[in-house]
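Below is one structure, written out as structure tokens, with a few remarks after it.
Residue numbers (this note's numbering): 105 to 851.
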């Protein structure tokens, strides 16, 4: 039961950049275990935020001219960017070299389907017979010039059972617009039709395709298209705005499931692939708080669900003919505080991919005897990605890729027959030789222990003098992205320390970890983040004047809250398409995602207490002039570390008299984080920083104003739409950090 949407994109090309791996919308990932492959432009579920609105306590748009503000910010960035040109160029050259070095070790991901393999390269889709994968035997199925959009991305491929049709999901690089291209696979393949606004799709028979239509970032309708009769029919409509619909075909190809998921509740309808025109049958009526997903084997349904105690995922089975909730029989339970990364169904086995206390492992469940055996994966591994669409009946092995922020993906095979683990990708230099991995736990305000993963150069001395880059997300039950990125190798080479804070609201410790950081418990994640930074400094990992934070999308809530409440802990911050105006967004029901996201942020429209709670942490709402002179005393107790004079920066001056520097990148037409809200945020933040500088200035010294920069990119993608644009953004953002931390000359 592979519950992930797979993508055929270049394995390393999609991994450059902290934002690149987190930039494609996957609407059901907060409920469905969507897998995140480093090759993706990708994933995280509807945590991609919708628009900051003009309701509540914020000045509406009429108080400023939108076009004038955009123009001013663009002019401001053009003026500021000259300061970063040289270092940006040098960083980009280094990243390109790292990409070239490590991309040569990787091959394109492929889909194995019966006697063929399908793969993507340079925007084209190819097919070869197994054992004949060479240039002379490759068949071109779809060429880049046949795609409906310029700079399109191939996101999904589905092959009809008789191999006569291929459906390919195509997304425009710089917008949310998507389409499904259906290709008839004759001797000379040709495009049969293009269906616009399609999110998910599956073949039920040789010529019948089911698909969902996406409108305003939502999917509520499922259609059937019969290519033999050129006939289209509406099959299912979801009426509740909180739910998002997708379609999935079971691994044995016998059933197609219509999955309607909210953040906390789900409902599944079945379609018999032998009788696709019959009305869908309901597996179990939705029950508030119960998530479930369905696979099929030997006339039984295998159901992954949160139903029952303890709270968390369980695998159950039930006969197809009597699939009521009362008949669900548990066969496997995920242990407490364990993250279920993915679940894969084979003919007689099911493999659960798990993470516990930062360690990845497999549980292999026999579907015949229900026995379980466990396999521990290499200790360095932080991220796992399955091979796309492994065969259900013929596979005796499971293939997957392991990586870490500083380790390029390595292919592993687990043999179900021999019960052993085999590494397929040769590794020239073991990761442990060049980089140390340290796992820590910080005690939060309520005494909850919060995991931190730290990377730094092996044998590095005087860590308190090294720059520290902290990653945080903490929302939607999504793990902090820890797949490989070439820029991390560059940073380690330059003696940076990388820290990943796995705060509540994310999914690193299972479903309960998410539940303890959402709705009326959002302050937990904020307190967790603060505790992590304090512990890092106390243990001698850098110090405030050399500390930077990086985050994206909903992670901007935690980063923005830290910026307002504890600016003395950091020197600079980089945010990618950040969500900074929670209250106004959740007060605007006309925005496409507001209603369905009430399960993550609460409903301030109906609950006054919820409104006040959101207001208490919302980054925009809490911008204020800060008198920082007394905050030096609030710095965390550290080891006996002398203050540093670092390229003209005095730490007490930097940490006590001004806000940290901020660099925000956003797309001009981003539908999830529209520009208008960020313009208001920047304007208000600059005013507070100006007031703060004036309050702390003397006649001898001029005003000390932090750099607060908004980089407005063209287009409408949530994050960088292409590898080249992502490379440019990452190089610019790192140039900003090197400059702000006084490292530009060193670089």
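All C-beta atoms in this analysis are idealised placements derived from N, C-alpha and C, irrespective of residue type, glycine included.
Check                                                                                                               : Outcome
Helix, strand or coil at residue 133 according to DSSP, with G and I counted as helix                               : Here residue 133 scores only 31 on pLDDT, less than 50, and its place in the model is too uncertain to base an answer on.
Three or more C-beta pairs below 8 Å linking the stretch 815 to 834 and the stretch 615 to 634                      : no
Sequence-distant residues of the same chain with beta carbon closer than 8 Å to residue 596, five excluded per side : 510, 538, 539, 559, 560, 561, 602
CB of residue 201 within 7 Å of CB of residue 228, strictly                                                         : no
Among 359, 689, 512, the one whose alpha carbon lies nearest that of residue 587                                    : 512
Alpha-carbon to alpha-carbon, residue 594 and residue 204                                                           : 13 Å
Top-ranked residue by Cα proximity to residue 218, from 565, 791, 292, 264                                          : 264
Reference residue 389, options 777, 364, 401, closest by Cα                                                         : 364
Classification of residue 300 by the beta-carbon crowding that lies within 10 angstroms, buried from 16 upward      : exposed
Nearest-angstrom beta carbon gap, residue 452 and residue 470 [assumed within contact, 8 Å]                         : 7 Å
Where the beta strand (DSSP E) through residue 231 begins and ends                                                  : 228 to 233
According to DSSP, residues forming a beta bridge with residue 307                                                  : 313
Beta-carbon gap between residue 380 and residue 316 smaller than 7 Å                                                : no
CB-CB length for residue 401 against residue 356, believed under 8 Å                                                : 6 Å
Rounded separation between residue 503 and residue 482 - CA only                                                    : 15 Å
Cβ contact check for the stretch 686 to 701 and the stretch 665 to 676: 3 or more pairs under 8 Å                   : no
Where the beta strand (DSSP E) containing residue 487 begins and where it ends                                      : 487 to 490
Residue range of the unbroken beta strand (DSSP E) whose run includes residue 507                                   : 501 to 508
Alpha-carbon to alpha-carbon, residue 444 and residue 383                                                           : 33 Å
At least 3 beta-carbon pairs within less than 8 Å: the stretch 324 to 341 vs the stretch 417 to 437                 : no
Whole-angstrom distance between residue 680 and residue 181, CA atom to CA atom                                     : 15 Å
Enclosing beta strand (DSSP E) for residue 401 [first to last residue]                                              : 396 to 401
Nearest residue (CA-CA) to residue 660, options 174, 650, 677, 648                                                  : 677
Nearest-angstrom beta carbon gap, residue 555 and residue 462 [assumed within contact, 8 Å]                         : 6 Å
Residue 522: CB within 6 Å of a non-hydrogen atom of the ligand MN                                                  : For the ligand MN, the structure offers nothing, since it holds no ligand at all.
C-beta contact flag for residue 284 and residue 275 at 7 Å                                                          : no
When 374, 350, 368 are compared against residue 360, the one with the closest alpha-carbon                          : 374
Same chain only: Cβ atoms within 6 Å of residue 354, ignoring 5 sequence neighbours per side                        : 399, 400
Residue from 441, 406, 372, 835 with nearest C-alpha to residue 450                                                 : 406
DSSP beta-bridge partners of residue 270                                                                            : 263, 287
Beta-carbon gap between residue 279 and residue 351 smaller than 7 Å                                                : no
Span of the alpha helix (DSSP H) around residue 517                                                                 : Not the alpha helix (DSSP H): residue 517 falls in the beta strand (DSSP E), residues 511 to 519.
Of the listed residues 472, 456, 573, 429, nearest to residue 518 (C-alpha basis)                                   : 456
Those residues which DSSP pairs with residue 425 across a bridge                                                    : For residue 425, which the question treats as bridged, DSSP gives no partner whatsoever.
Identity of the residue in 685, 598, 543, 420 nearest residue 565 by Cα                                             : 598
Backbone secondary structure at residue 673 - three-state DSSP                                                      : helix
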